[in-house]
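Numbering (the numbering used here), first residue to last: 28 to 467. Have a look at the structure below before the remarks.
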Amino acid sequence: MSRRLSTPRLITAGFLALMTLGTLLLKLPASTKDGISWLDAAFVSVSASSVTGLSTVTFPTTFTTFGETVIMFLIQLGGLGIMTFTTLAAVLVGQRVGFRDLLAVREQLESVDSPRNTLRLVVQIARITLLVETIGAVALGLGFALHGLGAREAVFQGLFHAVMAFCNSGFATLPEGDLLRYAGDWLVTGALAALITLGGLGFPVLVNLYSLRKTRRLTLHSKLVLITSAALIVVGVLSVAALEWSNPATLGGVSSNSRLAMSMFQGITPRTAGFSTVDYASMRAPTLVVQTALMFIGTAPTSTGGGIRVTTLALVVLIVLAQARGQERIGAFGRELPRPLIGRALTILAMASLLIFVSTLALMISDGLALLPSLFEVTSAFGTVGLTLDVTPHLGVFGKVLVSGLMFLGRVGPITLILALAQRQRPVRYSYPTEEIAIG
Numbered sequence: 028m029s030r031r032l033s034t035p036r037l038i039t040a041g042f043l044a045l046m047t048l049g050t051l052l053l054k055l056p057a058s059t060k061d062g063i064s065w066l067d068a069a070f071v072s073v074s075a076s077s078v079t080g081l082s083t084v085t086f087p088t089t090f091t092t093f094g095e096t097v098i099m100f101l102i103q104l105g106g107l108g109i110m111t112f113t114t115l116a117a118v119l120v121g122q123r124v125g126f127r128d129l130l131a132v133r134e135q136l137e138s139v140d141s142p143r144n145t146l147r148l149v150v151q152i153a154r155i156t157l158l159v160e161t162i163g164a165v166a167l168g169l170g171f172a173l174h175g176l177g178a179r180e181a182v183f184q185g186l187f188h189a190v191m192a193f194c195n196s197g198f199a200t201l202p203e204g205d206l207l208r209y210a211g212d213w214l215v216t217g218a219l220a221a222l223i224t225l226g227g228l229g230f231p232v233l234v235n236l237y238s239l240r241k242t243r244r245l246t247l248h249s250k251l252v253l254i255t256s257a258a259l260i261v262v263g264v265l266s267v268a269a270l271e272w273s274n275p276a277t278l279g280g281v282s283s284n285s286r287l288a289m290s291m292f293q294g295i296t297p298r299t300a301g302f303s304t305v306d307y308a309s310m311r312a313p314t315l316v317v318q319t320a321l322m323f324i325g326t327a328p329t330s331t332g333g334g335i336r337v338t339t340l341a342l343v344v345l346i347v348l349a350q351a352r353g354q355e356r357i358g359a360f361g362r363e364l365p366r367p368l369i370g371r372a373l374t375i376l377a378m379a380s381l382l383i384f385v386s387t388l389a390l391m392i393s394d395g396l397a398l399l400p401s402l403f404e405v406t407s408a409f410g411t412v413g414l415t416l417d418v419t420p421h422l423g424v425f426g427k428v429l430v431s432g433l434m435f436l437g438r439v440g441p442i443t444l445i446l447a448l449a450q451r452q453r454p455v456r457y458s459y460p461t462e463e464i465a466i467g
């Protein structure tokens with residue numbers, strides 16, 4: 028009897044295959060103007076497949092339209108999830124999808140729906156994605172055209188950046204190479220911010236909102252995601268406005284209207300998007316610390332973003348509040364949360380913190396970076412954000428490999444990767460005597 032891959036291993040293998048295919052496609056002569064090294068091609072492929080946005084090369088001068096199109100498809104595949112996309116493709120061509128495939132998609136989505144409804148959920152996801160990205164592409168294309176881009180270029184850039192924003196990736200392929208020119212444009216920055224926010228809510232929440240007219244009920248998951256996400260957006264926007272308003276190198280040298288637009292955008296984009304309308308290297312240290320915290324938290328589970336997830340933060344807050352009140356049970360909105368979920372949240376927090384600490388130290392040693400740039404870069408990679416303090420293009424071989432590994436871990440997820448590498452679990456048929464230890 029042949030051994031079949033477990034679901035976590037199948038998901039991990041799918042992303043590795045996507046990243047490998049991307050590397051090969053980016054090495055084609057048609058993808059670049061003057062060629063690209065294998066290491067840089069692999070780095071960009073991992074960054075695109077993990078919907079991060081970090082790059083060791085300059086996009087406008089390196090990639091052709093074909094190469095940028097390859098990257099766009101890598102990001103779309105990575106954002107939707109390789110298992111979700113393959114299942115959807117099988118449905119569209121009429122291929123029968125087995126129960127095992129449904130379970131694989133369900134595990135990647137972490138959906139509350141039953142396996143029998145997974146196909147319906149995937150189709151809803153495809154509809155929502157197509158609708159949101161189409162509207163975003165039209166708005167962005169119009170905004171780019173108003174700034175002088177030709178019709179054909181505006182359409183391509185509108186589509187490219189709509190996919191980037193909804194999939195929470197920070198690549199920018201504009202002729203000038205960045206979004207600084209559009210910093211005060213509410214149409215462009217507003218459309219990007221809306222796409223980033225919707226992509227970061229997660230597919231279960233989007234499906235819940237999409238079906239709200241029929242169900243007339245928000246799930247506990249949706250409530251926690253929406254409330255926590257809104258709170259983090261407020262914190263992000265206010266922190267940028269308060270700390271950078273008088274900084275002449277960022278917000279201080281522009282009009283009040285542009286300051287408001289830039290504060291709004293830079294308060295939202297660290298939620299794993301990676302776009303920037305300011306020079307991050309010129310930001311003040313306190314702002315960068317807040318941005319690093321936002322990147323570490325990230326977006327919602329089963330979204331196109333990364334990080335430890337907003338539900339992990341929400342659950343940790345609920346645990347602290349319950350302990351402060353002397354309560355043993357953890358709950359919210361009239362619902363009690365299961366104990367295994369609490370253990371998982373704390374495990375994710377501990378593993379992510381340890382990974383960030385070790386990786387930051389390694390990057391400081393290997394590339395001679397100071398603490399804040401190294402921490403910022405590592406967190407950006409793990410959170411699949413794409414923001415940088417101009418560190419990525421100057422990394423050595425070890426630094427590039429390390430950051431690539433962090434982007435992969437940030438997309439696949441620490442828990443999924445551990446399950447993929449672990450042996451089959453065996454049930455424990457005994458228990459030890461209980462004994463307490465001192466804490467605090």
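Note that CB positions come from ideal geometry on N, CA and C, so glycine has one too. Quick caveat, the model's predicted, so the values are computed rather than measured.
Do residue 419 and the ligand FMN come close, with the Cβ less than 8 Å from some heavy atom? As presented, the structure is devoid of all ligands, the ligand FMN included, so that no description of it is given.
Mark residue 28 as exposed unless 16 or more other C-beta atoms lie within 10 angstroms of its C-beta, in which case mark it buried. Translated into the one-based positions of the sequence shown, residue 28 becomes position 1. Confidence is the limiting factor: at residue 28 the pLDDT is only 39, short of 50, which leaves the residue's position unreliable, though a coordinate-based value still follows. Under this definition residue 28 is an exposed residue.
Would DSSP call residue 363 helix, strand or coil? As a position in the sequence shown, residue 363 is number 336, starting the count at 1. Residue 363 falls in the strand class under three-state DSSP.
For residue 153 and residue 78, what's the separation of their Cα atoms in angstroms? Start at 1 with the first residue of the sequence shown, and residue 153 comes out as number 126. Start at 1 with the first residue of the sequence shown, and residue 78 comes out as number 51. If I take the Cα positions, the gap works out to 17 Å.
Closest to residue 408 by C-alpha separation, out of 239, 324, 274 and 358, would be which residue? The sequence position of residue 408 within the sequence shown is 381, counting from 1. Ranking the options by Cα distance to residue 408, first place goes to 324.
Would you call the segment 182-197 and the segment 90-110 touching, i.e. three or more CB-CB distances under 8 Å? yes
Between which two residues does the alpha helix (DSSP H) holding residue 272 run? As a first step, residue 272 is located in the sequence shown; it is residue number 245 there, counting from the start. Premise fails: residue 272 is in no alpha helix (DSSP H) and is neither H nor E.
When the Cα of residue 221 is compared with those of 163, 432 and 230, which residue comes out closest? Translated into the one-based positions of the sequence shown, residue 221 becomes position 194. The residue with the shortest Cα to Cα distance from residue 221 is 163.
Taking residue 284 as part of the alpha helix (DSSP H), name the residues at either end of that continuous run. In the sequence shown, counting from the first residue as 1, residue 284 sits at position 257. First-last of the alpha helix (DSSP H) with residue 284: 283-295.
Integer Cβ distance of residue 229 from residue 372, believed to fall under 8 Å: Within the sequence shown, the letter at position 202 stands for residue 229. Within the sequence shown, the letter at position 345 stands for residue 372. Contact flag wrong, Cβ pair sits at about 16 Å.
So, under 8 Å CB-CB, residue 59 and residue 89 are touching, yes? Tell me the CB distance rounded to an integer number of Å. Within the sequence shown, numbered from 1, the residue matching residue 59 stands at position 32. Within the sequence shown, numbered from 1, the residue matching residue 89 stands at position 62. That pair is a contact at about 6 Å.
Reference residue 317, options 379, 271 and 391, closest by Cα: Locating residue 317 in the sequence shown gives position 290, where the first residue counts as 1. Of the listed residues, the one whose Cα sits closest to residue 317 is 271.
Alpha-carbon to alpha-carbon, residue 87 and residue 169: Stepping through the sequence shown from its first residue, residue 169 is reached at position 142. Stepping through the sequence shown from its first residue, residue 87 is reached at position 60. Cα to Cα, residue 169 sits roughly 21 Å from residue 87.
Pair within 9 Å by beta-carbon distance, residue 304 and residue 209: As a position in the sequence shown, residue 304 is number 277, starting the count at 1. As a position in the sequence shown, residue 209 is number 182, starting the count at 1. It is a contact, given that the beta carbons lie within the stated cut-off.
Through-space distance from residue 306 to residue 468, alpha-carbon basis: Here the chain comprises residues numbered 28 to 467, so residue 468 is not present and cannot be evaluated.
Identify, in the order they occur along the chain, each residue of the same chain with its Cβ nearer than 7 Å to the Cβ of residue 359, setting aside the five sequence neighbours on each side. On the sequence shown, position 332 is the one that residue 359 refers to. Cβ neighbours of residue 359 beyond the five flanking positions: 247, 251 and 345.
Which one of 465, 418, 260 and 427 has the shortest CA to CA distance from residue 294? If you number the sequence shown from 1, residue 294 lands on position 267. Nearest C-alpha to residue 294: 260.
Should residue 315 and residue 403 be called a contact, given that it needs their Cβ atoms to be closer than 9 Å? In the sequence shown, residue 315 corresponds to position 288, counting from 1. In the sequence shown, residue 403 corresponds to position 376, counting from 1. For residue 315 and residue 403, yes; Cβs fall inside 9 Å.
Residue from 397, 290, 432 and 227 whose Cα sits closest to the Cα of residue 416: Within the sequence shown, the letter at position 389 stands for residue 416. It is 397 whose Cα lies nearest to the Cα of residue 416.
If you check the beta carbons only, do residue 74 and residue 434 fall under 9 Å apart? Indexing the sequence shown from 1 puts residue 74 at position 47. Indexing the sequence shown from 1 puts residue 434 at position 407. Yes, these two residues count as a Cβ contact at 9 Å.
Per-residue DSSP class, three states only, for residue 90: As a working note, residue 90 is residue 63 in the sequence shown. If DSSP states are grouped into helix, strand and coil, residue 90 belongs with the strands.
Are the beta-carbon atoms belonging to residue 267 and residue 278 less than 9 Å from one another? As a first step, residue 267 must be located in the sequence shown, where it is residue number 240. As a first step, residue 278 must be located in the sequence shown, where it is residue number 251. Cβ atoms of residue 267 and residue 278: closer than 9 Å.
Under the three-state reduction of DSSP, which class applies to residue 185: helix, strand or coil? Position 158 of the sequence shown holds residue 185. Here residue 185 sits in helix by DSSP.
Give the DSSP-derived three-state secondary structure of residue 37 in the structure shown. As a working note, residue 37 is residue 10 in the sequence shown. Three-state result, residue 37: helix.
Taking the Cβ atom as the reference point for each residue, do residue 235 and residue 242 lie within a distance shorter than 9 Å? Residue numbering aside, residue 235 sits at position 208 when the sequence shown is read from its first letter. Residue numbering aside, residue 242 sits at position 215 when the sequence shown is read from its first letter. Cβ distance < 9 Å, so residue 235 and residue 242 count as in contact.
What alpha helix (DSSP H) runs, 4 residues minimum, are completely inside the segment 177-236? 178-193 and 213-228
Bridge partner(s) assigned by DSSP for residue 358: For this step, residue 358 is matched to residue 331 along the sequence shown. Residue 358 pairs with 363.
With distances taken between CB atoms, is the gap from residue 334 to residue 255 smaller than 9 Å? Within the sequence shown, numbered from 1, the residue matching residue 334 stands at position 307. Within the sequence shown, numbered from 1, the residue matching residue 255 stands at position 228. The answer is no: Cβ separation not under 9 Å.
Pick helix, strand or coil for residue 138, following the three-state DSSP scheme. On the sequence shown, position 111 is the one that residue 138 refers to. Model confidence at residue 138 stands at a pLDDT of 48, short of 50, so the residue's coordinates are unreliable; what they give is reported in the following sentence. In the structure shown, residue 138 sits in coil (DSSP, three-state: anything other than H, G, I, E or B).
Applying the 10 Å Cβ sphere with the 16-neighbour rule, what's the burial state of residue 298? Reading the sequence shown from its first residue, position 271 is the one you call residue 298. It is buried - the Cβ of residue 298 has at least 16 other Cβ atoms within 10 Å.
Tell me which residue opens and which closes the alpha helix (DSSP H) that residue 438 is part of. Counting from 1 along the sequence shown, the entry for residue 438 is found at position 411. Residue 438 -> alpha helix (DSSP H) spans 424-439.
Distance check for residue 399 and residue 391, CA to CA, integer angstroms please. To locate residue 391, count along the sequence shown from 1; it is residue 364. To locate residue 399, count along the sequence shown from 1; it is residue 372. Distance between the alpha carbons of residue 391 and residue 399: 10 Å.
Which residues in the same chain as residue 331 place their Cβ atom closer than 6 Å to its Cβ, once the five residues preceding and following it in sequence are excluded? On the sequence shown, position 304 is the one that residue 331 refers to. Closer than 6 Å at the Cβ level, and outside the excluded window around residue 331, lie 78, 106, 194, 195 and 226.
Grouping DSSP H, G and I as helix and E and B as strand, with all else coil, what is residue 59? Sequence index remark: in the sequence shown, residue 59 carries index 32 (1-based). In this structure, residue 59 counts as strand in the three-state DSSP scheme.
Quick one: residues in its chain with C-beta nearer than 7 Å to the C-beta of residue 12, no 5 flanking neighbours on either side, listed in chain order? Outside the shown range of the chain (28 to 467) lies residue 12, about which nothing can therefore be said.
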